[in-house]
Amino acid sequence: MKLVVGLGNPGERYVGTRHNVGFLVVERFARGAGIGLDLERFEGRFGQGRVAGQDVGLLLPGTFMNRSGDALGAALEALPELQPGADLLVVFDDLDLPFARLRMRRFGGAGGHRGVEDLIRALGHGNFPRLRFGVGRPPEDMDPVQWVLSPFTPQQAAGISPALDAAAEAVGDFVRDGVEMAMNRANQLRSAPGSQQDEPPA
4 MKLVVGLGNP GERYVGTRHN VGFLVVERFA RGAGIGLDLE RFEGRFGQGR VAGQDVGLLL
64 PGTFMNRSGD ALGAALEALP ELQPGADLLV VFDDLDLPFA RLRMRRFGGA GGHRGVEDLI
124 RALGHGNFPR LRFGVGRPPE DMDPVQWVLS PFTPQQAAGI SPALDAAAEA VGDFVRDGVE
184 MAMNRANQLR SAPGSQQDEP PA
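Here's what the structure looks like:
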């Protein structure tokens, strides 16, 4: 089985915010794959199905971002056969990438992301593939925490759908072909559709 985890915060307050783009990507993939995210399992919303003959589980933690590791830990305890270095993909927002830019990596550190930091705490290592979705840097007079907990600008919201499609396609590549092939395809282009709108308004 492959397990795809989208990071975000639960509750209406955070719907549509930059920090929840991991939720948006996994929800977009789930719709395309015909997988419902309607099971309450592993301290979050969970769905399971088959894509190209491969079993896949999708998890949106119901814990807050900085306790994402609790949900992942519960899932891995129930799925002992899953190998994080090959079978787990985590999708999350990244301040250091321009808006809608995608980057997939086989492993790495937290890079200041509290959700990824907690996953590393839960696993004891950072050896798991991750798909980063750029949300860009805030204006100089804006705190980065406020930026990621704020909604996308109207311009960004209008252009985000093609980038979400590209990210969902990258998730599908991972499920079907594994991390190496998915990484090569996701990182081949300099930017995903929509990323021409990189700069946040001043």
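Each residue of the sequence shown is one higher than the last, beginning at 4 in my numbering.
Virtual Cβ for every residue (Gly too), placed ideally from N, Cα, C.
Here the structure is a predicted model, which means the values were calculated and not measured.
How would you call N187, buried or exposed, if buried means at least 16 neighbouring beta carbons within 10 angstroms?
Answer is exposed; the Cβ neighbour count stays below 16.
Between the alpha carbons of V148 and D96, how many angstroms are there, rounded?
Approximately 12 Å, taken between the alpha carbons.
Between M68 and G115, what straight-line distance do the alpha-carbon atoms span, to the nearest angstrom?
Answer to the nearest angstrom: the Cα atoms are 12 Å apart.
Just reading off the beta strand (DSSP E) that Q158 is part of, what are its end residues?
Element bounds for Q158: not the beta strand (DSSP E) but the alpha helix (DSSP H), 157 to 180.
List the DSSP bridge partners of D58.
R53.
Where do the N-terminal and C-terminal ends of the beta strand (DSSP E) with P119 fall, by residue?
Inspection of the sequence shows that residue 119 is occupied by Val rather than by Pro. Run containing V119: none in the beta strand (DSSP E); it sits in the alpha helix (DSSP H), 117 to 126.
Alpha carbon of P101 to alpha carbon of T66, nearest angstrom:
One C-alpha to the other measures close to 27 Å.
With distance defined between alpha-carbon atoms, name the residue in E183, A166, L152 nearest to V28.
Of the candidates E183, A166, L152, the one whose C-alpha sits nearest the C-alpha of V28 is A166.
Simplified DSSP state of P83, which is helix, strand or coil
Three-state DSSP puts P83 in coil, outside helix and strand.
From the DSSP output, which residues share a beta bridge with G47?
Beta-bridge pairing by DSSP links G47 to R44, P64.
Closest residue to V93 among D99, I123, P142 (Cα-Cα distance)
Of all alpha-carbon atoms in D99, I123, P142, the one lying nearest the alpha-carbon of V93 is that of I123.
For V174, which option in E43, F136, H22 has the closest C-alpha, if you only look at C-alpha atoms?
Closest option to V174, Cα to Cα, is F136.
G88 and F45 - do their beta-carbons sit closer together than 8 Å?
Between F45 and G88, the gap from beta carbon to beta carbon reaches 8 Å or more.
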